[in-house]
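Visitor: Have a look at this one.
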Amino acid sequence: AVATGVWAGVPVREEFRRGLPDVRFGELGEGAQGVLDAWVREATGGRVEGLPLGLDGSEELVLLNALALKASWAVAFPRHLTRDEPFTDGGGRIRPVPTMRLRIPSARVWYVDGVTVVELPCAGEGAALVRFVLGAEGAGPGEVLPAAWTEPGARKRLAADSADLLLPRFTLRTRTEAHPHLAALGLDLALRPGADFSGLSRDPLFIDEVVQEAVVEVAEEGVEAAAVTQVRMARSAAPPRREAVERIAFDRPFGVVVLDAEGELPLFAGWRRSAPSAEDQEG
275 AVATGVWAGV PVREEFRRGL PDVRFGELGE GAQGVLDAWV REATGGRVEG
325 LPLGLDGSEE LVLLNALALK ASWAVAFPRH LTRDEPFTDG GGRIRPVPTM
375 RLRIPSARVW YVDGVTVVEL PCAGEGAALV RFVLGAEGAG PGEVLPAAWT
425 EPGARKRLAA DSADLLLPRF TLRTRTEAHP HLAALGLDLA LRPGADFSGL
475 SRDPLFIDEV VQEAVVEVAE EGVEAAAVTQ VRMARSAAPP RREAVERIAF
525 DRPFGVVVLD AEGELPLFAG WRRSAPSAED QEG
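Taking the numbering used here, the leading residue of the sequence shown gets 275, the next gets one more, and so forth.
Structure, rendered in structure tokens:
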């Protein structure tokens with residue numbers, strides 16, 4: 275399920291509203307924090323409790339996008355097989371964690387440049403696919419995660435007939451400041467004063483902050499996930515006026531007047547009619 279809402283303290287153009295019939299529009303007034311927190315809880319089925327970024331009164335517009343998923347595995351993990359198994363965290367510490375177990379066909383496992391990819395389908399037609407990626411010891415997310423969407427031609431299939439999958443039961447919560455990533459994607463003009471959002475509002479606005487909060491819960495029966503992206507827009511000062519420069523070229527006959535310090539008494543006056551000669555330029 276996907277839901278989007280816009281709450282504003284500035285007028286939003288009517289044509290913008292009409293173009294988004296499925297979007298909820300509201301006002302940023304007194305009590306807006308509670309209203310938006312409640313919207314987030316409802317849109318995510320309670321998986322995200324409220325706004326990733328609290329309101330402080332400086333925002334002129336808040337855009338929220340929520341995504342929620344609740345799905346059962348096509349083949350559930352037998353709960354009676356779940357038992358504690360050792361898990362080594364990023365700091366090298368080892369501790370037991372509840373770990374699920376399932377025999378899966380070889381077609382659900384492949385390798386990409388030393389990264390193991392396991393794909394588990396959810397039940398139902400057109401249901402989601404969930405991929406888990408496991409890299410070499412010490413590998414970071416930048417090295418491992420891209421394997422999840424690598425083209426089939428780059429995959430190396432599992433040689434065995436099947437795999438015995440041991441997967442921890444877990445809940446993962448993340449909060450990401452997306453502002454720097456948007457700038458890196460070339461959207462920097464929208465992120466600074468002077469941005470053009472005139473199609474949204476007649477008031478000058480720019481994107482002040484973008485934050486995403488996400489939660490993924492994996493258990494024997496299936497997967498639940500939710501994410502909320504919050505875009506905060508602030509009022510933009512008028513963009514700096516481009517400096518106007520007039521070209522003035524003394525390229526034809528011109529006059530010269532020397533005045534006193536007060537600028538009132540002409541001391542010398544002359545008119546330059548001919549082009550300066552070489553002698554004139556020697557000064």
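Yeah, the Cβ is synthetic: ideal placement off N, Cα and C, and Gly gets one too.
Could you give the first and the last residue of the continuous alpha helix (DSSP H) run that contains residue 310?
Guide: Segment 306–317, the alpha helix (DSSP H) holding residue 310.
Visitor: Which value, in whole angstroms, describes the spacing of the CA atoms of residue 425 and residue 434?
Guide: One C-alpha to the other measures close to 22 Å.
Visitor: Taking the C-alpha atoms as reference points, what is the distance between residue 333 and residue 301?
Guide: Cα to Cα, residue 333 sits roughly 12 Å from residue 301.
Visitor: What did DSSP end up calling residue 294 once you bin it into helix, strand or coil?
Guide: Looking at residue 294 - three-state DSSP - the assignment turns out to be coil, as it is neither helix nor strand.
Visitor: Is it true that the CB of residue 508 sits closer than 7 Å to the CB of residue 443?
Guide: In this structure, residue 508 does not lie closer than 7 Å to residue 443 by Cβ.
Visitor: Judging by CA-CA distance, which residue of 373, 363, 423, 342 is the nearest neighbour of residue 321?
Guide: When each option's Cα is compared against that of residue 321, the closest is 342.
Visitor: Straight-line CA distance for residue 404 to residue 510?
Guide: Spanning the two alpha carbons is a distance of roughly 41 Å.
Visitor: Taking all protein chains shown into account, do 16 or more other C-beta atoms lie within 10 angstroms of the C-beta of residue 351, making it buried, or fewer, making it exposed?
Guide: Answer is buried; the Cβ neighbour count reaches 16.
Visitor: Any chance you could list the alpha helix (DSSP H) runs of at least 4 consecutive residues sitting entirely within the stretch 387–453, in chain order?
Guide: Complete alpha helix (DSSP H) runs here, min 4: 415–418.
Visitor: Just verifying my parser: in three-state terms, what is the DSSP assignment at residue 277?
Guide: Of the three classes helix, strand and coil, the one that applies to residue 277 here is strand, per DSSP.
Visitor: What does DSSP give as the partner residue(s) for residue 376 in the beta ladder?
Guide: According to DSSP, which records beta bridges pairwise, residue 376 is partnered with 439.
Visitor: Give the straight-line distance between the Cα atoms of residue 430 and residue 371, rounded to the nearest whole angstrom.
Guide: Taking the straight line from one Cα to the other gives about 30 Å.
Visitor: Express the C-alpha separation of residue 412 and residue 365 in angstroms, rounding to a whole number.
Guide: So the two alpha carbons sit approximately 10 Å from each other.
Visitor: Helix, strand or coil, according to DSSP, for residue 462 in the structure here?
Guide: Helix at residue 462.
Visitor: What distance in whole Å lies between the Cβ atoms of residue 497 and residue 317, which are believed to be in contact at a cut-off of 8 Å?
Guide: With a Cβ gap of about 18 Å, residue 317 and residue 497 do not count as contacting.
Visitor: Thinking just about the alpha-carbon of each residue, which of 484, 436, 408, 284 is nearest to the one in residue 464?
Guide: Closest option to residue 464, Cα to Cα, is 484.
Visitor: Tell me, please, which residues DSSP counts as bridged to residue 320.
Guide: Paired residues: none, contrary to the question.
Visitor: So, for residue 378: in the same chain, excluding its five sequence neighbours on each side, which residues have a beta-carbon less than 6 Å away from its beta-carbon?
Guide: The residues are 437, 439.
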